[in-house]
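Report on the following structure.
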Amino acid sequence: MKLERVKFRGFGRWTEREFVFGDGLNLIEAPNEAGKSTLLQGILALWFGPKKEGVQTRTKAEWVDRYLPWNGGDYGGEIEYRISDKRYRLIRQLDWKQEAEQLVDLTEGKDITQEFAQDSRKDRLFLERQIQLSGESFRRIAVLTPGAAAEGKKEKKNNESRMIERLKRLLFQGEDLDVRQAFKWLEERLSEIGTPRASTKPLGAALVRKEQLERELEQLRAKYQQYVEEKQRHHYFLTQFCKAEEEQKELEQSFYTIKQKAEEQQRMEILQKELQHLAVERRALEEMIRQREELVEALDLLKKEKEVHQPPHLITYAEYYEVAEKLRHKNSLEQQLKEDAYRLEQLDRSIEEMKERFGRLLGMEETEALDALHRVKELKRIHERIGELKGHFENGEAGGRLADLEQDLSKLEELQKQEKEWHQAKMQVDVKLAEWTAQPSALSLFRPENAWLAGAAAGVALSLPLLWWNPLLALLPLAGAAAAGWYWWKRGEEERRLRRKRLEESESLKREARVLADRLSENERRQNTVLEKWKVKSLAELARMQADLLERERQKEALLQELRQLKELAAKSVEESRGWLERFLDDVPQFDAALWAELVESLISQFRRAKTELKHLQMERVLREKERKEREEQLFRVQDFLKRWEQRTGTTDLERIRHWLERSEMVRKLEMKIHEEENKLVELDRRREKEQWEEKLRECKEKMLENTKAVEEWSKKPVSRVDWKARLSEVELEMERVNHRWREQKENLDRLEGSLIKLEEWIEDLPKKETEYALVQDEIQKWQSERRALEVAREELEGAYRELKENLGPQLAPHASRWISRVTRGRYRELLLQSGGGLEIGVFVPETGELRPVEQLSQGTIDQMVFALRLSLVQFYSEHTGVHLPLFLDDCFVHFDEWRIRAALELVAEIAEHHQVVLFTCQSREREILDDMGLSYHSILLA
Amino acid sequence: MPRQKWKKCCSGSLGFAENGRKSRKNLLFPRIIYLFPSDSPHHWSAACERGRSILKTVTWIHTADLHLDEPLKGWKGTREEGWRRMEEYRETFRRIIDLAEEKRVTFLFIAGDFLEYGAVSKSTVRFVQNQLNRIPSTAVFIAPGNHDPCRPDSAYALESWPEHVHIFKGEWEAVPFPDWNVTIVGRAFTDLEERNWIAPPPVSGEERKILVLHGDLVNPGETSPYFPVPRDELANLEAAYVALGHIHKPREERLDNGSGTLVCYPGSPEALNWKETGERTVVLGTMEGREVRIERIPVQTRAYEKVAVDVAGCETREEVLKAIFAGTAALNRDCYLTLTLAGRRRPTLDLEAGTRAWLADELKKAGFHAVWLEDATKPDWDLDYFRKQPGIAGMFVRRMEERMKQEPERKEELERALYIGLEALLAREKVLV
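First to last, the protein sequences are chains Y and A. Mapping to our numbering: the first sequence position 625 is 944, numbers consecutive. Mapping to our numbering: the second sequence position 416 is 574, numbers consecutive.
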């Protein structure tokens, strides 16, 4: 198949533009945006039309609107091509609304459009049918674009293995279609649905919900079953209950009938009893009438007897006893009044006697007496204290002792001062002595002057050898030795002089030390003498003794002062006490504190006794006087009473009054009896009036007559022979039994109804849950169906991929091997497919004879192999379709380096021998290389 | 065929309505009810001999298959929305009672599958009882079906029902209404399946007869686990109207017999699944003389609607939304709408969950009550094209088609897998041409 000519009436930038193509290689060189891609797209559009492939409905291909003519006008053109020996012209109107197509057989010069029947999309598929490839397949096979041919550098950066994958796809699928994306998409869809175990995904969640609902429904259905069963029981009990209720009503009706009969019977019995009662009542009424008449008679008799016993004055027992008591009291009072008068006289006499005997003493004030007693006791204490003080002064020490002590104390202080001074002097002497004795020894070898001696010796020793060697020179050490010896001798003399001087001074100091020691011994002896005199051990103790003696002297002075004051106080108190005693005693004794104290105490005691006795007598007299007055008043009242009594009765004779009392009592008894009988009569009259005895008696007699008649009539009836009350009791018992049953049934019903209400609440949701369960089942079914469809799609897609791989790969491999050998210039000769664990690709390396996996090849080699594989695909499909397909290379070497372009163009030139090749490029490299390689080509200019 | 004798079953009270209690005097129902067959000295026709000189006009509402408290089927909304939906079934029953009250109908027939057996809650039963109490002057007949068989443990047997409600039991019963010259004959399921047709005794006399039962109307010889009701047998009964339940799709047919019996399925009054789309109705029946007329009255609280919108050619979600609005323009928006996006979808058009949620939001803003979008589109891949391609896409398509041939029962799933695989391979590839 060869493209000969293309003419666009309008397609993108191309308007009324024609391009002519030659056999073999056609080179279209033009810069970017010059219309290369538009040309390629236009060729394909004119060949395959504007409809989208692969869809049933007539659909615009995506590019149609993109390539509308820039200048308007017709959209389309014509394309001439040759297949085998035949030439064709395909004319197309690409305008979507006015799409038209025409195929002309140029060889025979006829329109063959109608030879191609329209499909469902009204498409005649001219070229598709001629080359047995769809437009899309043709594009995949015959068009190499930069994206399809080499994206080497870009991919290298990202992932080199993607190119290998592409290689594999081309080899195994015959197309560059990434099936992995499809698998991935299917897996994602499956994952979205999830497995039955994945409870977070829709399918798993629905299954979980289904299980939960099944459990709930199981419970609800069981409850529903229980409800139905209980409802049946309820129905049964309701029937029983209704029966009991019916029975109850029948019994109630029967009960009322019997009850009426029983009541009538009861009424007759009551009439009979009433009859008996009326007879009793009649008798009672008659008896009461009789009793009243008797009472009236008895009352008359009592009144007559009372008139017989009536006294002149009615006397009561109280009056009698009162008069008797008054008389006795009067006598008693008169006797007591006499006794009181006598006693009062006695008391007056005793009081007078007391006043005469103790008149002076009774004038005493008790407070003064107590003061006097206190003073006398104080005087006694003062005199005792004066005695104590006097005894104290008689035993006091002589004042000369203190002066002696003060003298010795001064002496001792002086001695201690001297001792201290001498001790210090002695210490200084001892120190100096110690210093003298501590001077260094003159014989010490390490004394500094010995160095001079050593120097002199050394000078002599040195001069001896020098004398032998140089006598003149030996003079120098000898002179030095002499000077050192002289100096050593001088220092020795000085030392010895100093030693003598120190010895003399040492002797002087020792003497001085002995004198000082003697003095100190004397001083110590004298101090001891003074201390022994005062029997103390130290000067401090002697000083304390002096302080004690001074304190005693001060105390003695204070006591003398106190003695003088006490004597003055005692004299004053004696005078006061004597004055007080003289007020009550005619002869006061000489002052003696104890005696005066006894006197004062005796006077106080006497005063108190006399005063108490006089008070007692005066009080008794007052009391006696008061009692006498009271008795006189009582006597007056008694006499008054008796006087009034006598005025009333005319006598105070107790015997006579007693006789009257006895008659009065009899009269009173009769009066009481009369009163009682009168009361009885009043009561009977009240009852008689109220009860209307006579009327009642008449009515009673009439009713008795009536009742007797009714009872006689009832007893004649046959129902009277039945015991209706017994019958009533029986019915009542039966009713009780039925009622009990009714209650039992009612309880059962109520219980069941309670249970049913609960169950009804529980099962209320059953229909809803059933619905929900159905919904969940539908949902599960939906997800499962979707999942199965996805799984089938995945399974079949995998199968298709596998089948294609296993079939196509081996067929394509020989073609690919040839082109790979060419493109790698024999470096890799053969493409081998290995089927261990899936198909793998390797190339045969002739030098080593090894099979190298494509993964080990360099990126550039893989790019070349991809290109070679595309060529082999063109060749492969050309063989299968019987049509040598043209090859369109659209800037596909843009990323190749020169060496690889040369190799590729070499191949292109080779394939161009059998296939028309159209090479689009935006650079001059391809043209230059072709020229350089001397390869022929047909150049097409776009400008 | 010898005349059957009838047994007097009770006096002044009705079956389960009594529920063990002594009932008050029933004002609606006649005092005598007969069971078939029996040895009673009375006869069906004999019981209907009173007051027939004038045939009064009788009206009724006929419904069935409400399935109260049945779990929702195929619900697409959330759990909470589902619970609200369950409340709407109650609401629908309330609307039926409203209608009965408004029309003052003589009878209300509920031909089974009313209270879901084994699931119905007490509150639902109470609600139903309260609603029925609103129409004391309407005689209510319930003929339990296979979803609510009248078993001793069913709500019908265990609950107390109003006096004017009659619940049929396993045997045929006839309830005469002499004042209306009508006898209601019915029976109930007592089990989840009843495979054999049991014919009621032949009926004669002048009374107009209405049959109420749950079952599957079949042709002679056909079978059904749900009480097969053969047409010829039904024709022999010469009933004026046969109120059936079981089939959720409304339908009626007139039998070719002397009475011109009208057999009617009212259909479910509220959609129970996504097959029951559009308006849901009850039957309002009128019998004047012996002529029966019916009218279907919508009662649904909220309808289910399914609309498919072809999104072919839509490039963006906005275009899809526009297509949806165009496709649903004639629709009442107060419904549950399942919007199926169909047709060939551009491979670049995303209709994944996120887009569908956006579309649903936009539709709600536009006044739709509830919308669920389902993507039934197929990517616009040309399988013929890919099948011929040499690469992996071609290989995949060929393999998948081969597998679909081998596993035809999984066709739908495999087709989905095919498009998923193609999308994985191609949708994300940059196509140059």
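Don't be surprised by glycine CBs; every beta carbon is placed ideally from N, CA and C.
* Collapsed DSSP secondary structure at E419 of chain Y in the structure displayed -> Here residue 419 of chain Y corresponds to residue number 100 of the first sequence, with the count starting at 1. Before going on, a small fix: residue 419 of chain Y reads as Ala here, not Glu. Taken through DSSP and simplified to helix, strand or coil, A419 of chain Y comes out as strand.
* **Residue-level contact to chain A via CB, L322 of chain Y, 9 Å cutoff** => Counted from its first residue, the first sequence places residue 322 of chain Y at position 3. So no, L322 of chain Y is outside the interface.
* Pick out whichever of Y:Y407, Y:W415, Y:E1079 has its Cα sitting closest to the Cα of Y386 of chain Y. => Numbered from 1 along the first sequence, position 67 holds the residue referred to as residue 386 of chain Y. Nearest C-alpha to Y386 of chain Y among Y:Y407, Y:W415, Y:E1079: Y:W415.
* Asked: What is the DSSP secondary structure of A380 of chain Y, counted as helix, strand or coil?
  -> Along the first sequence, one-based indexing puts residue 380 of chain Y at 61. Coil, per DSSP.
* Asked: Interface residues of chain A around Q492 of chain Y at Cβ under 7 Å?
  -> Taking the first sequence and counting its residues from 1, one reaches residue 492 of chain Y at position 173. Those within 7 Å of Q492 of chain Y in chain A are G549, I550.
* Nearest to W338 of chain A by alpha carbon, out of A:E532, A:F526, A:V529, A:K214? -> The sequence position of residue 338 of chain A within the second sequence is 180, counting from 1. Ranking A:E532, A:F526, A:V529, A:K214 by Cα distance to W338 of chain A puts A:K214 first.
* **Sheet register partners of L1208 of chain Y (DSSP bridge)** => Counting from 1 along the first sequence, the entry for residue 1208 of chain Y is found at position 889. Y:L463, Y:L1238, per the DSSP bridge assignment.
* Extent of the continuous beta strand (DSSP E) to which L531 of chain A belongs -> Start at 1 with the first residue of the second sequence, and residue 531 of chain A comes out as number 373. From DSSP, the beta strand (DSSP E) with L531 of chain A extends over 528–533.
* Asked: Which bits of chain A does K1087 of chain Y rub up against, with CB to CB less than 7 Å?
  -> Looking up residue 1087 of chain Y in the first sequence gives position 768. Against K1087 of chain Y, the close residues of chain A are W241, M244, in the order they occur along the chain (beta-carbon pairs closer than 7 Å).
* To do: Kindly indicate the opening and closing residues of the beta strand (DSSP E) around E331 of chain A.
  => In the second sequence, counting from the first residue as 1, residue 331 of chain A sits at position 173. Residues 331–335.
* To do: Throw me the rounded Cβ distance for the N304 of chain A and Y384 of chain A pair, which I believe falls under 8 Å.
  => As a first step, residue 304 of chain A is located in the second sequence; it is residue number 146 there, counting from the start. As a first step, residue 384 of chain A is located in the second sequence; it is residue number 226 there, counting from the start. That belief holds up - the Cβ atoms of N304 of chain A and Y384 of chain A are roughly 5 Å apart, short of 8 Å.
* What residue from A:S318, A:E410, A:L402, A:L392 has the CA that sits closest to T558 of chain Y's CA? -> Working through the first sequence from its first residue, we reach residue 558 of chain Y at position 239. Nearest to T558 of chain Y by alpha-carbon distance, out of A:S318, A:E410, A:L402, A:L392, is A:S318.
* **Counterpart residues of Y462 of chain A in DSSP-defined beta bridges** => Counting from one through the second sequence, the residue named residue 462 of chain A turns up at place 304. In the DSSP output, where bridge partners are listed per residue, Y462 of chain A has A:T435, A:Y494.
* Asked: Would DSSP call R1070 of chain Y helix, strand or coil?
  -> Taking the first residue of the first sequence as 1, we reach residue 1070 of chain Y at position 751. In the structure shown, R1070 of chain Y sits in a helix (DSSP, three-state: H, G or I).
* Local conformation of I405 of chain A per DSSP, three classes -> Locating residue 405 of chain A in the second sequence gives position 247, counting from the first residue. It is coil, neither helix nor strand.
* Inter-residue spacing [alpha-carbon to alpha-carbon] between D723 of chain Y and E707 of chain Y -> Your numbering for residue 723 of chain Y matches position 404 in the first sequence. Your numbering for residue 707 of chain Y matches position 388 in the first sequence. Put simply, the backbone Cα of D723 of chain Y is about 30 Å away from that of E707 of chain Y.
* Can you list the residues of chain Y that F544 of chain A reaches, using a CB-CB cut of under 7 Å? -> Indexing the second sequence from 1 puts residue 544 of chain A at position 386. G373, listed in chain order.
* **Same chain, Cβ closer than 7 Å to H702 of chain Y, five either side skipped, listed in chain order** => In the first sequence, the residue the question calls residue 702 of chain Y occupies position 383. Excluding residues up to 5 positions away in sequence, A889, A912 lie with their Cβ nearer than 7 Å to the Cβ of H702 of chain Y in the same chain.
* **Contact belief for R345 of chain A with G328 of chain A at Cβ below 8 Å, rounded distance in angstroms** => Numbered from its first residue, the second sequence carries residue 345 of chain A at position 187. Numbered from its first residue, the second sequence carries residue 328 of chain A at position 170. The Cβ separation is near 7 Å, so the contact holds.
* Asked: Can you list, in chain order, the residues of its chain whose CB lies under 8 Å from that of R940 of chain Y, leaving out five sequence neighbours each side?
  -> Here the question's residue 940 of chain Y lines up with position 621 in the first sequence. So the qualifying residues of the chain are L663, L666, D667, I670.
* To do: Give a yes or no on whether the minimum CB-CB distance between D1251 of chain Y and chain A is below 9 Å.
  => In the first sequence, the residue the question calls residue 1251 of chain Y occupies position 932. So no, D1251 of chain Y is outside the interface.
* Smallest Cα separation from G1145 of chain Y: which of Y:R411, Y:D497, Y:A1119, Y:M1184? -> Here residue 1145 of chain Y refers to the residue found at position 826 when the first sequence is read from its first residue. Comparing alpha-carbon positions, the option among Y:R411, Y:D497, Y:A1119, Y:M1184 lying closest to G1145 of chain Y turns out to be Y:M1184.
* Look at the alpha carbon of Q287 of chain A and the alpha carbon of I325 of chain A, and state the distance between them as a whole number of angstroms. => Here residue 287 of chain A corresponds to residue number 129 of the second sequence, with the count starting at 1. Here residue 325 of chain A corresponds to residue number 167 of the second sequence, with the count starting at 1. Rounded to the nearest angstrom, the two C-alpha atoms are 13 Å apart.
* To do: Name the residue from A:H322, A:E391, A:G276, A:V370 whose alpha carbon lies nearest to the alpha carbon of W355 of chain A.
  => Looking up residue 355 of chain A in the second sequence gives position 197. For the residues A:H322, A:E391, A:G276, A:V370, the minimum Cα distance to W355 of chain A belongs to A:E391.
* Return the Cβ separation of Q360 of chain Y and W382 of chain Y in integer angstroms, given the expectation that the two are a contact with Cβ distance under 8 Å. => Here residue 360 of chain Y corresponds to residue number 41 of the first sequence, with the count starting at 1. Here residue 382 of chain Y corresponds to residue number 63 of the first sequence, with the count starting at 1. Contact between Q360 of chain Y and W382 of chain Y holds, with the beta-carbon distance rounding to 6 Å and staying under 8 Å.
* To do: Less than 8 Å between the CB atoms is what I'm expecting for L522 of chain Y and I1099 of chain Y, so what's the real figure, rounded?
  => The sequence position of residue 522 of chain Y within the first sequence is 203, counting from 1. The sequence position of residue 1099 of chain Y within the first sequence is 780, counting from 1. In this structure L522 of chain Y touches I1099 of chain Y by the C-beta definition: roughly 7 Å separates them, less than 8 Å.
* To do: Determine, using beta carbons only, whether P388 of chain Y and K379 of chain Y come nearer to each other than 9 Å.
  => Taking the first sequence and counting its residues from 1, one reaches residue 388 of chain Y at position 69. Taking the first sequence and counting its residues from 1, one reaches residue 379 of chain Y at position 60. No, the pair does not count as a contact, with Cβ atoms beyond the cut-off.
* To do: Tell whether a beta-carbon distance below 9 Å holds between L371 of chain A and I219 of chain A.
  => Numbered from its first residue, the second sequence carries residue 371 of chain A at position 213. Numbered from its first residue, the second sequence carries residue 219 of chain A at position 61. Not a contact, by the Cβ cut-off of 9 Å.
* Asked: Exposed or buried, which one is V1038 of chain Y when buried takes at least 16 other CB atoms within 10 Å?
  -> As a first step, residue 1038 of chain Y is located in the first sequence; it is residue number 719 there, counting from the start. The residue is exposed, with fewer than 16 neighbouring Cβ atoms inside 10 Å.
* Out of Y:E588, Y:Q958, Y:K625, which has the shortest C-alpha to C-alpha gap to E1031 of chain Y? -> Counting from 1 along the first sequence, the entry for residue 1031 of chain Y is found at position 712. Put simply, of Y:E588, Y:Q958, Y:K625 the residue whose alpha carbon is nearest the alpha carbon of E1031 of chain Y is Y:E588.
* Asked: For G1118 of chain Y, which residues in chain A fall below 7 Å Cβ to Cβ?
  -> Within the first sequence, numbered from 1, the residue matching residue 1118 of chain Y stands at position 799. Going along chain A in sequence order, the residues near G1118 of chain Y (Cβ under 7 Å) are R557.
* Any chain Y beta carbon closer than 9 Å to R182 of chain A -> Along the second sequence, one-based indexing puts residue 182 of chain A at 24. Below a pLDDT of 50, predicted positions are generally treated as unreliable, and R182 of chain A, at 39, falls in that range; the measurement from the model is reported next regardless. No, no contact with chain Y.
* Output yes if chain Y places a C-beta closer than 9 Å to the C-beta of A582 of chain A; else output no. => Taking the first residue of the second sequence as 1, we reach residue 582 of chain A at position 424. Judged by the 9 Å Cβ criterion, A582 of chain A is in contact with chain Y.
* Asked: Using DSSP with H/G/I as helix, E/B as strand and the rest coil, what is R336 of chain Y?
  -> Indexing the first sequence from 1 puts residue 336 of chain Y at position 17. Of the three classes helix, strand and coil, the one that applies to R336 of chain Y here is strand, per DSSP.
* Asked: Listed from N- to C-terminal order along the chain, which residues in the segment 558–574 of chain A have their beta-carbon within a distance smaller than 7 Å of any beta-carbon of chain Y?
  -> From the segment 558–574 of chain A, only M558, R561, E571, L572, R574 have a Cβ closer than 7 Å to chain Y.
* Sorted by chain position, which residues of the same chain lie with C-beta nearer than 8 Å to L680 of chain Y's C-beta, five sequence neighbours on each side aside? -> Position 361 of the first sequence, counted from the first residue, corresponds to residue 680 of chain Y. Excluding residues up to 5 positions away in sequence, F903, L922, Q925, F926, A929 lie with their Cβ nearer than 8 Å to the Cβ of L680 of chain Y in the same chain.
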